[in-house]
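Here's the structure we're looking at; comments come further down.
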Amino acid sequence: MIGSLRGVLQERLEDGQVLVEVAGVGYRVTVTPTTSVSVGEVGQEIFLHIHHHFRESDQTLFGFLSRQERRCFETLLSAHGVGPSLALAVLGVHGPNELVRLIAEEDVSSLCLVPGIGKKTASRLLIELKDSLDISAELDAVNTGTGADRRSAMVEVQEALGGLGYSLEEIRPVLADLAGDDPSVLLREALQRLAVA
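Positions in the sequence shown are counted from 1; adding 902 to them yields my numbering.
Quick look at the structure:
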């Protein structure tokens, strides 16, 4: 089982994957949009913490920038009805620090920003995840500020787009692909993507 990869970033693939070459072998690793952007430049050496996921018909490598992010992914997988795609979507919208905070605060509306999660599912997940994570220990490990800033920015942008007449079905997929925590930048990027759609 593969636990981590250190190698050269060969390519960012269109399907949410990066190609990492290690000792002449190229590994396709599925990552969040934020990780894809943050991991480094093509040709640079990178390091990813890996969750090696086995299914009957295939194997998939999921890559993370930190152990905490991988631990959150694996905790999400332990929740009823959450597969790798949904777990990755959650981390694509809410980084690990932010996820810990919204679980601690039982923030249903922020979890509903994730495409495919409605209020009923969000409420159930928050209960399950609160039981799975040692929230007090995780909160101690969280750097102050950044997660709350991003969550606040995403909620602000969602409300602004809703005020402009966009539906949640239109807004969620766009927000899931955006990185950063500056509401004005996020809103501008979201409007550009919605105009093309």
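All C-beta atoms, glycine included, are put in the ideal place defined by N, C-alpha and C.
Which value, in whole angstroms, describes the spacing of the CA atoms of residue 919 and residue 1062? Here residue 919 refers to the residue found at position 17 when the sequence shown is read from its first residue. Here residue 1062 refers to the residue found at position 160 when the sequence shown is read from its first residue. Their backbone Cα atoms lie some 31 Å apart in a straight line.
Beta-carbon proximity check, residue 965 vs residue 951, cutoff 9 Å: The count along the sequence shown starts at 1 and reaches residue 965 at position 63. The count along the sequence shown starts at 1 and reaches residue 951 at position 49. In this structure, residue 951 lies closer than 9 Å to residue 965 by Cβ.
Please report the residue range of the alpha helix (DSSP H) in which residue 1071 lies. As a position in the sequence shown, residue 1071 is number 169, starting the count at 1. Taken as a continuous stretch (DSSP letters only), the alpha helix (DSSP H) holding residue 1071 covers 1070-1078.
Cβ separation of residue 905 and residue 922, assumed to be a contact under 8 Å, to the nearest whole Å: Here residue 905 refers to the residue found at position 3 of the sequence shown. Here residue 922 refers to the residue found at position 20 of the sequence shown. At roughly 14 Å, the Cβ-Cβ gap does not stay under 8 Å, so residue 905 and residue 922 are not in contact.
Where residue 986 and residue 938 are concerned, what is the direct C-alpha to C-alpha distance, given to the nearest angstrom? Reading the sequence shown from its first residue, position 84 is the one you call residue 986. Reading the sequence shown from its first residue, position 36 is the one you call residue 938. Rounded to whole angstroms, residue 986 to residue 938 spans 17 Å at the Cα level.
In angstroms with no decimal places, state the Cα-to-Cα distance between residue 1067 and residue 945. Indexing the sequence shown from 1 puts residue 1067 at position 165. Indexing the sequence shown from 1 puts residue 945 at position 43. Cα-Cα distance, rounded: 43 Å.
Give me the Cα-Cα distance between residue 1038 and residue 1098, rounded to the nearest whole angstrom. Counted from its first residue, the sequence shown places residue 1038 at position 136. Counted from its first residue, the sequence shown places residue 1098 at position 196. Here residue 1038 scores only 45 on pLDDT, less than 50, and its place in the model should not be relied on; the value that follows carries that caveat. Going from the Cα of residue 1038 to the Cα of residue 1098 covers about 43 Å.
Cβ shell of residue 984 (< 6 Å), same chain only, five flanking positions each side left out: As a first step, residue 984 is located in the sequence shown; it is residue number 82 there, counting from the start. Answer for residue 984: 978, listed in chain order.
What three-state label does DSSP hand residue 922 in the structure shown? Taking the first residue of the sequence shown as position 1, residue 922 is located at position 20. In the three-state reduction of the DSSP assignment, residue 922 falls in the strand class.
Going by DSSP, what residue range makes up the beta strand (DSSP E) through residue 947? Residue numbering aside, residue 947 sits at position 45 when the sequence shown is read from its first letter. From DSSP, the beta strand (DSSP E) with residue 947 extends over 947-956.
Buried or exposed (CB count within 10 angstroms, at least 16 for buried), residue 1060: Indexing the sequence shown from 1 puts residue 1060 at position 158. By the 10 Å Cβ count, residue 1060 comes out buried.
Can the beta-carbon of residue 930 be found less than 9 Å from the beta-carbon of residue 967? Locating residue 930 in the sequence shown gives position 28, counting from the first residue. Locating residue 967 in the sequence shown gives position 65, counting from the first residue. Contact flag unset, no.
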